[in-house]
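**Q**
2 protein chains.
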Amino acid sequence: MSKSAIIAANAAFYAAFATGDVAAMERLWADEDGISCIHPGWPGIIGRATVMGSWRDILENPNRPQIACAEPHAIVEGDSGRVLCIEIVDGTALAATNHFRRIGNAWLLVHHQSSPIAQIVEQAHDDPTGPSRRIH
Amino acid sequence: MSKSAIIAANAAFYAAFATGDVAAMERLWADEDGISCIHPGWPGIIGRATVMGSWRDILENPNRPQIACAEPHAIVEGDSGRVLCIEIVDGTALAATNHFRRIGNAWLLVHHQSSPIAQIVEQAHDDPTGPSRRIH
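As given, the protein sequences belong to chains D and V, one line each in that order. Numbered per my numbering, the first sequence spans residues 236 to 371. Numbered per my numbering, the second sequence spans residues 236 to 371.
1) Taking the DSSP output, what are the residues bridged to Thr332(D)?
2) Return the chain-ordered list of same chain residues with a C-beta closer than 8 Å to the C-beta of Leu263(V), the five sequence neighbours on each side being excluded.
3) Going by C-alpha to C-alpha distance, which of Arg317(D), Ile321(D), Asp292(D) sits closest to Ala240(D)?
4) Any contact between the region 270-277 of chain V and the region 330-350 of chain V? By contact I mean 3 or more CB pairs, one from each, below 8 Å.
5) Determine whether the Cβ of Gly327(V) lies closer than 9 Å to any Cβ atom of chain D.
6) According to DSSP, His308(D) sits in a beta bridge with which residue or residues?
7) For chain V, check one thing: does any of its Cβ atoms lie closer than 9 Å to the Cβ of Asp314(D)?
8) Identify which residue in Asn333(D), Gly279(D), Asn296(D) has its Cα closest to the Cα of Leu319(V).
9) Could you run through the region 273-302 of chain V and flag, in chain order, every residue whose CB is less than 7 Å away from some CB of chain D?
10) Going by DSSP, which residues form a beta bridge with Val324(V)?
11) Between the region 292-307 of chain V and the region 287-307 of chain D, are three or more C-beta pairs nearer than 8 Å?
12) I believe Arg336(V) touches Ala265(V) by the beta-carbon criterion, under 8 Å. Please report the beta-carbon distance rounded to the nearest angstrom.
13) Should Asn333(V) go down as buried or exposed, given a rule of 16 or more other Cβ atoms within 10 Å for buried?
14) CB-CB under 7 Å to Ser315(V), same chain, minus the five flanking residues each way: which ones, in chain order?
15) Check whether the Cβ of Ile323(V) lies closer than 9 Å to any Cβ atom in chain D.
16) Distance check for Ala330(D) and Gly282(D), CA to CA, integer angstroms please.
17) What in chain V is Cβ-close to Pro351(D), meaning under 8 Å?
18) Listing by chain order, which chain D residues have their CB less than 9 Å from the CB of Thr332(V)?
19) Using a C-beta to C-beta distance shorter than 8 Å, which residues of chain D count as neighbours of Leu263(V)?
20) Only counting the same chain, and skipping five residues up and downstream in sequence, which positions put a Cβ closer than 8 Å to that of Val286(V)?
21) DSSP three-state label for Gly270(D), please.
22) Buried or exposed: Gly276(D), going by 16 or more other Cβ atoms within 10 Å of its Cβ?
23) Tell me the DSSP bridge mates of Arg337(V)?
24) Is there a Cβ of chain D sitting closer than 9 Å to that of Leu319(V), yes or no?
25) Give a yes or no on whether 9 Å exceeds the smallest Cβ distance from Ile310(D) to chain B.
26) Mapping DSSP to helix, strand and coil, what is Trp264(D)?
27) Only counting the same chain, and skipping five residues up and downstream in sequence, which positions put a Cβ closer than 6 Å to that of Met260(D)?
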């Protein structure tokens with residue numbers, strides 16, 4: 236039950252992203268100054284105003300990339316949980332984690348981090364068997 | 236007090252990394268199958284055996300990169316906490332988050348994610364005033 240709820244919250248996050256729904260995005264994040272975010276390629280940002288401002292900038296950009304979430308995997312530990320997934324952004328794969336906290340009945344985002352894994356995609360083209368080792 | 240304890244746990248993680256201390260690294264992570272990790276450039280991995288195996292591979296590699304942690308910033312929410320920081324790996328900057336859970340008296344790692352932010356370093360060379368916007 237907890238896992239399906241957090242997977243649903245994760246799906247709502249990507250739906251808000253895909254449709255550019257700023258109001259939904261603001262509701263999906265915890266309303267507190269401890270929230271944080273690391274967008275791909277950029278340093279971390281902390282604080283409700285800064286994090287939500289970054290999402291407004293992204294969602295209000297008419298040229299923002301298409302995004303889809305694949306392979307979500309939920310891990311729940313009491314009132315904390317996270318979903319690891321693959322983001323497909325304009326055909327490029329990123330490894331993302333969305334961290335949630337259960338506040339009342341809702342799983343709300345407290346941290347998002349998305350990391351490029353483009354070399355995996357490139358390697359997969361060269362080697363159809365895929366990478367044999369995940370660390371280097 | 237909580238913040239200083241989690242900052243100390245974060246420092247111990249980077250000390251184990253820098254010195255290649257596999258036994259210390261194994262003690263610093265929660266002993267459970269819910270732990271997870273996203274190393275830079277790679278998809279997420281989940282599970283105690285898989286995550287600790289990845290760290291053994293990294294730490295036992297005599298050619299592993301030098302690493303240092305800068306600008307650690309702790310956020311504590313009850314028994315969960317995280318430290319956002321900059322990793323300097325062979326002169327390249329990465330944005331990292333280390334997620335901890337308080338188990339007994341110890342803050343133990345449950346998730347680590349490190350993301351390349353090399354374009355920031357490059358941009359900083361071109362523009363000494365630094366990037367004016369952190370999102371694109």
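Glycine included, each C-beta is placed from N, C-alpha and C at the ideal position.
**A** For this structure:
1) The beta-bridge partner set that DSSP reports for Thr332(D) consists of Leu319(D), Gln348(D).
2) Setting aside the 5 residues that flank it on each side, Leu263(V) is surrounded in the same chain by Ala244, Ala247, Phe248, Ala251, Leu343, Leu344, each with a C-beta closer than 8 Å to its C-beta; the list follows chain order.
3) Nearest C-alpha to Ala240(D): Arg317(D).
4) Under the Cβ criterion (8 Å, minimum of three pairs), the region 270-277 of chain V counts as touching the region 330-350 of chain V.
5) At residue 327(V) the sequence reads Thr, which differs from the Gly that was named. So, not an interface residue.
6) Its beta-bridge partners are Leu319(D).
7) True, the Cβ-Cβ gap to chain V drops below 9 Å.
8) For the options Asn333(D), Gly279(D), Asn296(D), the alpha carbon positioned closest to that of Leu319(V) is the one of Gly279(D).
9) Those residues of the region 273-302 of chain V that come within reach of chain D (Cβ to Cβ, closer than 7 Å) are Ile273, His274, Pro275, Gly276, Trp277, Pro278, Gly279, Ile280, Ile281, Ser289, Asp292, Ile293.
10) DSSP output for Val324(V) lists Ile302(V), Thr327(V) as bridge partner(s).
11) Under the 8 Å Cβ criterion, the region 292-307 of chain V does not count as touching the region 287-307 of chain D, having fewer than three qualifying pairs.
12) So it is a contact: roughly 6 Å between Cβ atoms.
13) Buried, because 16 or more other Cβ atoms sit within 10 Å of the Cβ of Asn333(V).
14) Closer than 7 Å at the Cβ level, and outside the excluded window around Ser315(V), lie Arg336.
15) So no, Ile323(V) is outside the interface.
16) Counting only the Cα atoms, Ala330(D) lies some 23 Å from Gly282(D).
17) Under the 8 Å cutoff, chain V gives Gly276, Ser350, Pro351.
18) Listed along chain D are Ser271, Ile273, Gly279, Thr332, His334, His346, Gln348, each with a C-beta nearer than 9 Å to that of Thr332(V).
19) Listed along chain D is no residue with a C-beta nearer than 8 Å to that of Leu263(V); the closest approach is about 17 Å.
20) Around Val286(V): Trp264, Ile270, Ser271, Cys272, Ile280.
21) Per the sequence presented here, residue 270(D) reads as Ile, with Gly not at that position. Reduced to three states, the DSSP call for Ile270(D) is coil.
22) Counting other Cβ atoms within 10 Å of its Cβ, Gly276(D) reaches 16 or more and is therefore classed as buried.
23) In the DSSP output, where bridge partners are listed per residue, Arg337(V) has Trp342(V).
24) For Leu319(V), the answer is yes, since a Cβ of chain D falls inside 9 Å of its Cβ.
25) Reference to chain B is not applicable here, since the protein chains of this structure are D and V.
26) Trp264(D) falls in the strand class under three-state DSSP.
27) Apart from sequence neighbours up to five positions away, the residues of its chain that approach Met260(D) with a beta-carbon distance below 6 Å are Ala251, Trp290, ordered along the chain.
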